[in-house]
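If you use this note's numbering, the sequence shown corresponds to residues 7 to 467, in order.
Heads up, the beta-carbon is just placed ideally off N, CA and C, and yes, glycines get one too.
Bear in mind that the values here come from a model prediction, so they are computed numbers and not experimental data.
Structure record follows, encoded as structure tokens.
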Amino acid sequence: MDRSDVAQIDDFTWELPASAAPDMRVPVRFLANEALLERILLGPTADQIVQTASLPGLVGHLMVMPDVSPGKGAPVGIVAVSKYPVGAIAPAAIGRDINTGVRLLGSSIRLSDVEGNLDNFHDALSEAIPCGDDAEGSLHLNKSEVDHVAQSGAQWALRSDMARQDDLVRAEEGGRLNESNPDKVSAAARAAGARQLGTLGSGAHFIEVGVVEEVYNRAAGLTMGLREGRLTVLIHCGSRGYGRQVCDDYIERFREAGSKYDTTPPSDDLSYMPLDVSEAEDYIGAMRAAANYAYANRQVLAHRVRESADDALGGLGDRLRTVYDVAHTLGHVEMHQVEDHHARCFVHRKGAARAFGPGTPGISLPYRALGQPVIVPGERNNTSFVMLATRDSMQKSYGSACHGAGRTISAQEMPAQASLDSSEGGVQTKDDVEAVVDTVVGAGLASKVARIRPLSVVSSD
């Protein structure tokens, strides 16, 4: 990728034309300051970005977020928009850990009131929440129960007395995607799902106890339940082995079906199918099943967090309430302005948060007037931010924003050929966090609501 081919649109937006490489179907829009742009162009994601922009059926432009990093087939930190229902769909452009996302719990608990018990809280969390790729939870489900989770999402946890109605109201999509189809999920994925519900996994996934350090928008903070000096808990995880197996199964299935539909993928892992064929329909049903599993997983983990707070903080678990739950790796059918007309699209978000502006249908009711919350976790033990999407995000980035901050090498999923540690993200500094968030704010996609300082972290490391 040649820097001389990239044109500056404004202070935080740059474009690589489709003519820059022979097979590119759409231009690439980068959200970055100059330093971040240089890092992206010279980094390991450059070739993957060009390959992803070469997928047939894409429209508009490929969005690249400032926190982009390498991934399997396609980079983590992209938004790829395809015509619907006549475009194409690529599992690798959504990702392996389907519906990796974050749930933020806020509270009225003053840090000063519980500071002496934080070590006990950390120990209780560590004991209650299994971590690691091979971790198994205490909920051992049979096939029928796994399928029920995959159909019901967080509603399964509500019926199992591990959720409150308010948890679902403050979750993207209410914590459940319609039209999931567990029948299109393999036995191997179901087997992983049977033993992993309520587990954290490894890599960049973690549970972080923090405190609201600064509130930038007090009115929004009041609505969200974020006040300075109050305790928070951030849960970052996804669909575990269930979602990873779904992705891997369909990358292979699409690859094998290539001769049937005369498709030639830009790379071996970036296999795709036309959206109007049965293989694509099957994948979408399976992807939604994995997404529901992830919503249920984060809800079960939130329940365990509350139980741990009851044990360690003197019965204060009920004072931890959901601020928002948002996905970072998911595909949706949405309406967007594309090439001067409003069109129905399939939006691949891989390492990008949905960021619908105020008044947009699909935003949870408590936030519809404000805009969709965007929760930006830093690397473990680093600052996190809470933002609100703006109306401009709908026109500039297909209603999307960054998913993390300063993951300068990679997140959990890595291409096998990359000489990087696949279980850990890159080294991060405070400047990395600020640069990513300031880029998104500077580009007009979101505004800051609050900054959260970490106090302790539970993870596999």
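If you compare alpha carbons, which of 184, 149, 212 is closest to residue 160?
-> 184
Looking at C-beta atoms only, is the number of pairs between the segment 200–209 and the segment 231–247 that lie closer than 8 Å three or more?
-> yes
With burial defined as no fewer than 16 other Cβ atoms inside 10 Å of the residue's Cβ, what is the status of residue 422: buried or exposed?
-> The predicted position of residue 422 is uncertain, since its pLDDT is 39 and thus under 50; no value can be drawn from it.
For the alpha helix (DSSP H) that residue 257 lies in, which residues bound it at each end?
-> 246–262
Residue 384 versus 7, 13, 73, 38, residue with shortest Cα-Cα distance = Looking at 7, 13, 73, 38, the one whose alpha-carbon comes closest to that of residue 384 is 73.
Which same chain residues, not among the five before or five after residue 280, have their C-beta less than 7 Å away from its C-beta?
-> Cβ within range, chain order: 94, 267, 286.
Just checking, does the segment 82–102 make contact with the segment 348–360 on the three C-beta pairs under 8 Å criterion?
-> Judged by Cβ distances under 8 Å, the segment 82–102 makes contact with the segment 348–360, as three or more pairs qualify.
Tell me which same chain residues have a C-beta within less than 8 Å of the C-beta of residue 436, skipping the five on either side of it?
-> Annotation note: pLDDT 46 at residue 436 (below 50); position unreliable, coordinate value reported separately. Closer than 8 Å at Cβ, skipping near neighbours: 388, 389.
Indicate whether the contact test is met: 3 or more Cβ pairs, each with one atom in the segment 391–399 and one in the segment 441–461, closer than 8 Å.
-> yes
Helix or strand or just coil, what does DSSP make of residue 140?
-> coil
Rounded to a whole number of angstroms, what is the C-alpha to C-alpha distance between residue 42 and residue 150?
-> 47 Å
Residue 171 versus 328, 366, 406, residue with shortest Cα-Cα distance | 328
Under a CB-based cut-off of 9 Å, is residue 368 close to chain D?
-> Judged by its chain identifiers, the structure shown contains no chain D, having just a single protein chain.
Could you give the DSSP three-state label for residue 375: helix, strand or coil?
-> Reduced to three states, the DSSP call for residue 375 is coil.
The alpha helix (DSSP H) with residue 69 in it runs from where to where?
-> Here residue 69 belongs to no alpha helix (DSSP H); instead the beta strand (DSSP E) covers 68–75.
Is it a yes or a no for the segment 339–348 touching the segment 121–138, going by three-plus beta-carbon pairs under 8 Å?
-> no
Looking at C-alpha atoms only, which residue of 34, 30, 7 is the closest neighbour of residue 403?
-> Cα-wise, what sits closest to residue 403 is 34.
Top-ranked residue by Cα proximity to residue 65, from 30, 188, 408 | 30
So residue 117 and residue 462 are in contact, right, with Cβ under 8 Å, and what is the actual spacing, rounded?
-> Not confirmed; about 12 Å, so no contact.
Residue interval of the alpha helix (DSSP H) (run including residue 43) | 40–48
Assess, as a yes-or-no matter, whether the segment 256–263 is touched by the segment 206–224 under the definition of 3 or more beta carbon pairs within less than 8 Å.
-> no
Helix, strand or coil: which one does DSSP assign to residue 280?
-> strand
To the nearest whole angstrom, what separates the beta carbons of residue 335 and residue 105, a pair I think is in contact under 8 Å?
-> 6 Å
Pairwise C-alpha distance: residue 113 and residue 374 = 21 Å
If you draw a straight line from the alpha carbon of residue 447 to that of residue 240, how long is it in whole angstroms?
-> 22 Å
Integer-rounded CB distance, given that residue 309 should sit under 8 Å from residue 400 = Rounded, the Cβ-Cβ distance is 34 Å, inconsistent with contact.
Grouping DSSP H, G and I as helix and E and B as strand, with all else coil, what is residue 304?
-> helix
Please name the residue, chosen from 25, 108, 36, 115, that lies closest to residue 325 on a Cα-to-Cα basis.
-> 115
How should residue 214 be labelled, buried or exposed, when 16 other C-beta atoms within 10 angstroms of its C-beta is the threshold for buried?
-> buried
Is residue 462 helix, strand or coil by DSSP?
-> In the structure shown, residue 462 sits in a strand (DSSP, three-state: E or B).
For the alpha helix (DSSP H) containing residue 356, list its first residue and its last residue.
-> Careful: residue 356 lies outside any alpha helix (DSSP H), inside the beta strand (DSSP E) at 347–356.
Cβ neighbours of residue 466 in the same chain (closer than 6 Å, five flanking residues each side left out) = 137, 138, 208, listed in sequence order.
Beta carbon of residue 6, beta carbon of residue 277: below 9 Å?
-> Here the chain covers residues 7 to 467 and nothing more, so residue 6 does not appear.
Looking at C-alpha atoms only, which residue of 440, 398, 410, 459 is the closest neighbour of residue 449?
-> 398
Euclidean distance between Cα positions of residue 154 and residue 188 = 9 Å
In terms of residue numbering, what span does the alpha helix (DSSP H) encompassing residue 22 cover?
-> Unbroken run through residue 22 is the beta strand (DSSP E), 19–22; no alpha helix (DSSP H).
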